[in-house]
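Trainee:
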Amino acid sequence: MNSKSFVLLFIINALLSTVTAFTHHHSTSSRQNQATTTLLHSAASSTLNKPYFAEYSQTTQLPPAPSHDKSKPGHGKTAIIAGATGYIGRAVVRECVSRGYHTVSLVRNVTSASFDEALAGSSLVRCNVTNDAEVHSIVAEIAAGRHLLAFPPANNDNRATSSSSAPPIDLLVSCLASPSGIESSVYSIDYAATLSLLHAGRRQNARHFVLLSAYCCRNPLLKLQQAKLQFESQLSTQTDMTYSIVRPTAFFKSVSGQFESIVAGNSYVLFGDGEVTRCNPISEEDLAVYMCDCALEEFAEERWGRVLNVGGPDGPLTNRMLGEMMFRAINKPPKFVYVPTQIFDMSISLIEFIAKNFPSQKWEDALETAKIGKYYAVEDMLTTNKSEKFGRIRMMDHFEKIAREGQDPFTPVRATAFISKTLETLPVVSVSIPIGFGLASKPDIVENVVASSPLANVPLLVASLLGGENGGHLF
Ligand SMILES: *[C@@H]1O[C@H](CO)[C@@H](O)[C@H](O)[C@H]1NC(C)=O
Ligand SMILES: *[C@@H]1O[C@H](CO)[C@@H](O)[C@H](O)[C@H]1NC(C)=O
Ligand SMILES: *[C@@H]1O[C@H](CO)[C@@H](O)[C@H](O)[C@H]1NC(C)=O
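Under mature numbering (1 follows the signal peptide of the UniProt record, and there is no 0), residues -21 to -1, 1 to 454 are what the sequence shown spells out, in order.
1. Ligand 2: which residues have Cβ under 6 Å from any of its heavy atoms, chain order?
2. Please report the residue range of the beta strand (DSSP E) in which residue 289 lies.
3. Does the pairing of the region 272 to 291 with the region 305 to 320 give three or more beta-carbon distances under 8 Å?
4. Quickly, what does DSSP pair residue 360 with across the bridge? List them, please.
5. How about residue 364: is its Cβ closer than 8 Å to a heavy atom in ligand 3?
6. Can you give the Cα-Cα distance for residue 365 and residue 112, rounded to whole angstroms?
7. In this structure, what does DSSP give as the bridge partners for residue 201?
8. How would you label residue 190, buried or exposed, when you count the other beta carbons within 10 angstroms and need 16 or more for buried?
9. Just checking, does the region 64 to 83 make contact with the region 264 to 274 on the three C-beta pairs under 8 Å criterion?
10. Return the residue from the list 60, 300, 53 and 52 that minimises the CA-CA distance to residue 104.
11. What is the DSSP secondary structure of residue 352, counted as helix, strand or coil?
12. Would you list the residues sitting across from residue 79 in a DSSP beta bridge?
13. Alpha carbon to alpha carbon, what distance is there between residue 234 and residue 120?
14. Can you grab the Cα-Cα spacing for the pair residue 109 / residue 87, in whole Å?
15. Would you kindly work out how many angstroms separate the C-alpha atoms of residue 93 and residue 63, rounded to a whole number?
16. Considering Cα atoms alone, identify which of 242, 98 and 218 is closest to residue 383.
17. Give the single residue among 368, 216, 336 and 66 whose Cα lies nearest to the Cα of residue 178.
18. Please report the straight-line C-alpha distance between residue 226 and residue 192, rounded to a whole angstrom.
19. Find the nearest neighbour of residue 162 within the set 183, 187, 200 and 151, judged by alpha-carbon distance.
20. Determine the direct distance from the alpha carbon of residue 123 to that of residue 107, and round the result to whole angstroms.
21. Quick check on residue 229: does DSSP put it in helix, strand or coil?
22. My output table needs one value for residue 187: the three-state DSSP class, helix, strand or coil.
23. Is residue 280 near ligand 3, going by C-beta to nearest heavy atom under 8 Å?
24. So, at 8 Å on beta carbons, what are the nonlocal neighbours of residue 263 in its own chain, with the 5 sequence-adjacent residues on each side left out?
25. Going by DSSP, which residues form a beta bridge with residue 282?
26. Considering only heavy atoms of ligand 1, list every residue whose Cβ is less than 5 Å from one of them, following chain order.
27. Helix, strand or coil: which one does DSSP assign to residue 100?
28. Please classify residue 67: does DSSP put it in a helix, a strand, or coil?
29. Could you compute how far the alpha carbon of residue 409 sits from the alpha carbon of residue 328?
30. Does DSSP put residue 315 in a helix, a strand or coil?
31. Determine the direct distance from the alpha carbon of residue 180 to that of residue 151, and round the result to whole angstroms.
32. To which residues of the same chain is residue 185 closer than 7 Å at the C-beta, ignoring the five residues directly before and after it?
33. Would a C-beta distance cut-off of 9 Å place residue 166 and residue 129 closer than the cut-off?
34. Please report the distance separating the alpha-carbon of residue 316 from that of residue 276.
35. Using DSSP with H/G/I as helix, E/B as strand and the rest coil, what is residue 327?
Take a look at the structure:
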């Protein structure tokens, strides 16, 4: 096959890999974990399709009661986590439960969340976070002691009595993030929904707010960062709640996206020479500890009312190093393919041109999508300041772990949403123009890519097409 025909595939793959490589918005839908969770529990119960929790209604789950260990920092207090089914949200829920909080996970779908083992020990409460009134009423109910596991006692119908002694809302954590990064979605999720949560917390005398923000907000070229910043400024100008703004560099899962592909024998895809960007991602467990610690009095001086950059314990890792580490973890000799980062500039200029001449939201969104791809392909996500490094789990530990145990299916919601959006909003022919290659001669390739389902298979497809050219430069 002519290598030029791979160009389109590369654009798609490039977008897919970079967005999943460095974006900080990673949601793992609980459905993805359903298989694993069900398996885990099928050992104990013989029914394969049973959810994690034995019984559930549309609002509250009845898993094991939280610990009554009085020495735990969360004892007798409530923590509410929005975005609880996301990659970091799940780790935060787990951490809050282990700290003894009455932990409430706000979720979109209680049924699917009930399959997620990570949420065990928390109450699952259905909440449409984009509905301001609903957020307010649910947070008010939680403040009154409703929805809490083991509180009030199961047979206590007297809400008035229980509300007087309800555990105070000590901690509100927002792990909310728009799945697509386009304008309408970031303003409704990263800004408006998070603001509803803040207002609802203030009204109920909640104490400390922890915002999962992103390191990349320091260089806010994207709408998703601008929306986060807009919320951050609302958070920092109110005085009812103390707060911490946590800006992690990158996540482990987000740099493991090509793992299955290289296990299958493919080359690792690099941008530029593979040394364009450097990062020190932080593990979800370490980040959850960091975020929960923010609420503690002992960190008042250091972490309240502040923007906190945080990266993992590793030194600067280039993409090439990440690739080499992955190959080492699976005991295979490293092999790479290289994609020029100019691909993004070409697509961006073309889409910009179209968006200018044919103004529409669709093209604005397509443009934003292309910019997101470029941003994460060229920006460092690195902290080197000692006080901005945290945690014990190193990148290599993670690669060794997934080499042993595998990882959740690689289909981060954001990446999938992103790619399908790109395909929806970009007529195939327009993608071909900036590259200037005749797609007409290879329409079958385009159709294969568009039709491939799930879309997460695209990198595999590309890599397998490249089978004969391993290690070579394409351009
Ligand atoms: C909630 O999740 C369940 C299980 O995954 C699914 O069958 C159901 O359709 C979902 N409900 C909504 C409203 O999306
Ligand atoms: C959530 O609430 C918003 C605002 O009221 C509404 O537009 C949207 O349809 C709701 N979503 C769901 C899934 O109910
Ligand atoms: C290191 O980080 C801390 C906390 O963010 C900050 O106060 C300090 O100024 C930084 N030091 C340098 C040299 O940038």
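Virtual Cβ for every residue (Gly too), placed ideally from N, Cα, C.
The structure displayed is predicted, hence computed values, not measured ones.
Mentor: Looking at the atomic coordinates:
1. Summarising the contact set, residues whose Cβ lies nearer than 6 Å to any heavy atom of ligand 2 are, in chain order, 107, 109 and 110.
2. Note, residue 289: beta strand (DSSP E), 285 to 289.
3. No, they do not touch.
4. For residue 360, the beta-bridge partners assigned by DSSP are 258.
5. Correct: residue 364 has its Cβ closer than 8 Å to ligand 3.
6. C-alpha separation (whole angstroms): 43 Å.
7. In the DSSP secondary-structure assignment, residue 201 is not bridged to any residue.
8. So residue 190 ends up on the buried side.
9. Contact check between the region 64 to 83 and the region 264 to 274: three or more CB pairs, one atom from each, fall below 8 Å, which counts as touching.
10. The option with the nearest alpha carbon to residue 104 is 60.
11. The three-state secondary structure of residue 352, taken from DSSP, is helix.
12. For residue 79, which the question treats as bridged, DSSP gives no partner whatsoever.
13. Answer to the nearest angstrom: the Cα atoms are 39 Å apart.
14. Taking the straight line joining both Cα atoms gives about 11 Å.
15. CA-CA distance, residue 93 to residue 63, rounds to 12 Å.
16. Ranking the options by Cα distance to residue 383, first place goes to 242.
17. Nearest of 368, 216, 336 and 66 to residue 178, Cα basis: 216.
18. Taking the straight line joining both Cα atoms gives about 5 Å.
19. The option with the nearest alpha carbon to residue 162 is 200.
20. When the Cα atoms are used, residue 107 and residue 123 turn out to be separated by approximately 20 Å.
21. Residue 229 falls in the coil class under three-state DSSP.
22. Under the three-state reduction of DSSP, residue 187 is assigned to strand.
23. If you check the C-beta of residue 280 against ligand 3, you find no heavy atom less than 8 Å away.
24. Excluding residues within five positions, the ones whose Cβ falls inside 8 Å are 66, 67, 69, 70, 230, 231 and 232.
25. As far as DSSP is concerned, residue 282 takes part in no beta bridge.
26. Listed by chain position, these are 88, 90 and 91.
27. The answer is coil: DSSP assigns residue 100 none of H, G, I, E or B.
28. The DSSP-derived three-state label of residue 67 is helix.
29. With a pLDDT of only 37 at residue 409, under 50, the local geometry of the prediction cannot be trusted, and no value is derived from it.
30. In this structure, residue 315 counts as strand in the three-state DSSP scheme.
31. Distance between the alpha carbons of residue 151 and residue 180 is about 7 Å.
32. If we look at residue 185 and ignore the five residues flanking it on each side, its Cβ neighbours are 148, 151 and 220.
33. In this structure, the beta-carbon distance from residue 166 to residue 129 does not fall below 9 Å.
34. Taken atom to atom, the span from the alpha-carbon of residue 316 to that of residue 276 is near 50 Å.
35. The answer is helix: DSSP assigns residue 327 an H, G or I state.
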